[in-house]
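A.B. asks: Position 256 of the sequence shown, counting from 1, maps to 256 under my numbering, and the rest follow consecutively.
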Amino acid sequence: MTALTSAVAAPEVLDRCRALVRPALREAVGRLHPWVGEMAAYSFGWCEVGGRPAVVSGGKGLRPALAVLGAAAAGAPGRAGIPAAVAVELVHAFSLLHDDIMDGDAARRRRPTVWKAYGTGPAVLAGDALFALAVETLAATPAGPAALRLLSTALGDLVRGQADDLLFATRPWTGPRRVRAGEYRTMAEHKTGALLGCAAALGALLGGAPPATVAALDRAGRHLGIAFQVVDDALGIWGDPAVTGKPAHGDLREGKKTFPVLAALDAEGPAAGRLAALLESAQEPAEAAALIEEAGGRAAAPAEARRHVAAVESALAGLPIATGAADDLRSLLGFLVRRDL
Numbered sequence: 001m002t003a004l005t006s007a008v009a010a011p012e013v014l015d016r017c018r019a020l021v022r023p024a025l026r027e028a029v030g031r032l033h034p035w036v037g038e039m040a041a042y043s044f045g046w047c048e049v050g051g052r053p054a055v056v057s058g059g060k061g062l063r064p065a066l067a068v069l070g071a072a073a074a075g076a077p078g079r080a081g082i083p084a085a086v087a088v089e090l091v092h093a094f095s096l097l098h099d100d101i102m103d104g105d106a107a108r109r110r111r112p113t114v115w116k117a118y119g120t121g122p123a124v125l126a127g128d129a130l131f132a133l134a135v136e137t138l139a140a141t142p143a144g145p146a147a148l149r150l151l152s153t154a155l156g157d158l159v160r161g162q163a164d165d166l167l168f169a170t171r172p173w174t175g176p177r178r179v180r181a182g183e184y185r186t187m188a189e190h191k192t193g194a195l196l197g198c199a200a201a202l203g204a205l206l207g208g209a210p211p212a213t214v215a216a217l218d219r220a221g222r223h224l225g226i227a228f229q230v231v232d233d234a235l236g237i238w239g240d241p242a243v244t245g246k247p248a249h250g251d252l253r254e255g256k257k258t259f260p261v262l263a264a265l266d267a268e269g270p271a272a273g274r275l276a277a278l279l280e281s282a283q284e285p286a287e288a289a290a291l292i293e294e295a296g297g298r299a300a301a302p303a304e305a306r307r308h309v310a311a312v313e314s315a316l317a318g319l320p321i322a323t324g325a326a327d328d329l330r331s332l333l334g335f336l337v338r339r340d341l
C-alpha cells in the first residue's frame, strides 16, 4: 500500500482516533477552572462564548491520531496512547492560542479567535492552563520522566520555530539577508514537525516500543510536519476560503515568507524578477499569487511535500511496526499532501 493510494482511508483513521481520544480530552479540560475551561472548550469548538454548546469543527485531529497510531505501532492497543494524544492536543491548542495573539489573527475556523472573543490576557491564561494540563497528563503516566523529556524537547523546538517564523518577517525578500529554502525547512520542522514527531514518539513510548522505534517515529513526524506546513502554505494562497477557513491570500497580505514564495524567488526567469520587485513594493496579492504560480512556486509546493513524505516512508521502513498501524500511518501521508492542491 502506498501513501497516495491509501489516502482515501485517512478520514476514517482520523475519525476513529478522535472518537477514542475525545472523552479523555473532555475529562481533562473539565478539571480546569470553569472560566478557563470555557475558553479551552471554545478553542476546541465545543461551546460558544458563555458556555452554550456548539458544534464547530475542531480541526483534523492529526496529532492525537499519531499518538494513538504510535502506540498501535508498538503492538499495544491504541488506547495505550490516549494520555499522549491528550497531552499533544492540549499543547497544540495552547500554541494556537498564543500564535493567534502573536500573529494578530482575528478568526480561526470561521469564528473569532479566543483572544478576540475573551480578550488577550484571558487567552494567554487559557493557553498557559492548557500547557500545564498537558504536563500533568504525561507526568501521571508510568513513563512520566521519559515522556516529559520528549515533550520538553519538542516544546523547545516549537519555540525556536516560532521565533524564526517571526524573525523571517523582518528580513528582506531579496539580497544576501533574504530567507533561504533551507532555513524555511528548519523553521517548519521545529514549528510544525516537532510536535507531530513528539505525538508519534510519545504514543510509541507509552506503548512499550524500543528506543530505536521511538526515535524513528519522531523523525518521521518531523518530516511529516514539513510536508504539512508546505501544503498549508500553498492552501493559504490558492485554497478555497470556504474549505480552509482562512481569508484568500492572507499570508501574502501579511508578507509571510512561505514556501511557494521562496521557491518562486529562487527560480530563474522574468516572473521571479517581477515577483521580487512586486514584493518589495506595496503588492497586490492577486497579482503576486499569479506571479508565484508563473515562476513555479505553486508546482514546487506539492513536489517538496512529496519529498518529505518519501523521507517519512524511509524512516518507517524496516521498523518492527504492527501491520495495521503501519497502513494507518501511511494512509495519512497522501491525505495531507493531496489536500485540494
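For each residue, glycine too, the CB sits at the ideal point set by N, CA and C.
Quick caveat: nothing in here was measured; it's all calculated off a predicted structure.
Three or more beta-carbon pairs under 8 angstroms between the segment 142 to 153 and the segment 191 to 201, yes or no?
C.D. replies: Yes: the two stretches touch, three or more of their Cβ pairs being nearer than 8 angstroms.
A.B. asks: Measuring CB to CB, does residue 311 end up less than 7 angstroms from residue 249?
C.D. replies: Their beta carbons are not under 7 angstroms apart, which means residue 311 does not touch residue 249 by this criterion.
A.B. asks: Ignoring anything shorter than 4 residues, give me the alpha helix (DSSP H) runs that lie fully in the segment 279 to 313, in order along the chain.
C.D. replies: List check, alpha helix (DSSP H) in window: 285 to 294.
A.B. asks: Please state whether the Cβ-Cβ distance between residue 157 and residue 194 is less than 7 angstroms.
C.D. replies: Cβ distance < 7 angstroms, so residue 157 and residue 194 count as in contact.
A.B. asks: Could you check how far apart the C-beta atoms of residue 114 and residue 39 are, in whole angstroms? I think they sit under 8 angstroms.
C.D. replies: So it is a contact: roughly 6 angstroms between Cβ atoms.
A.B. asks: Going by DSSP, name the residue or residues bridged to residue 47.
C.D. replies: Residue 47 pairs with 53.
A.B. asks: Beta carbon of residue 246, beta carbon of residue 168: below 7 angstroms?
C.D. replies: No.
A.B. asks: Is it buried or exposed, residue 18, if we count other Cβ atoms within 10 angstroms and call 16 or more buried?
C.D. replies: Residue 18 should be labelled buried.
A.B. asks: What does DSSP give as the partner residues of residue 112 in its beta bridges?
C.D. replies: Looking at the DSSP assignment, residue 112 forms a beta bridge with 107.
A.B. asks: Quick check on residue 101: does DSSP put it in helix, strand or coil?
C.D. replies: Correct three-state label for residue 101: helix.
A.B. asks: Is the segment 262 to 281 in contact with the segment 171 to 187, if contact means three or more CB pairs nearer than 8 angstroms?
C.D. replies: Segments in contact, yes.
A.B. asks: Mind checking whether residue 28 and residue 88 have CB atoms under 7 angstroms apart?
C.D. replies: No; because the gap between Cβ atoms is not below 7 angstroms, this pair is not in contact.
A.B. asks: Under 7 angstroms between the Cβ atoms of residue 305 and residue 227?
C.D. replies: Yes, the Cβ-Cβ distance between residue 305 and residue 227 is below 7 angstroms.
A.B. asks: Under three-state DSSP, which class holds residue 170?
C.D. replies: Three-state result, residue 170: coil.
A.B. asks: Please classify residue 412: does DSSP put it in a helix, a strand, or coil?
C.D. replies: Residue 412 lies beyond the residue range present for the chain, which begins at 1 and ends at 341; the question has no answer from this structure.
A.B. asks: Taking DSSP as the reference, what is the three-state secondary structure of residue 210?
C.D. replies: Residue state, collapsed to three classes: coil.
A.B. asks: Roughly how many angstroms separate the alpha carbons of residue 109 and residue 244, rounded to a whole number?
C.D. replies: Taking the straight line from one Cα to the other gives about 8 angstroms.
A.B. asks: What is the residue span of the alpha helix (DSSP H) that residue 180 lies within?
C.D. replies: Unbroken run through residue 180: none, as it is neither H nor E.
A.B. asks: Could you name each continuous beta strand (DSSP E) segment of 3 residues or more that falls completely within the segment 213 to 249, going from the start of the chain to the end?
C.D. replies: If we require 3 residues or more, the segment 213 to 249 turns out to have no beta strand (DSSP E) run fully inside it.
A.B. asks: Between 55, 254, 297, 308, which has its C-alpha nearest residue 285's C-alpha?
C.D. replies: Of 55, 254, 297, 308, the residue nearest in Cα terms is 254.
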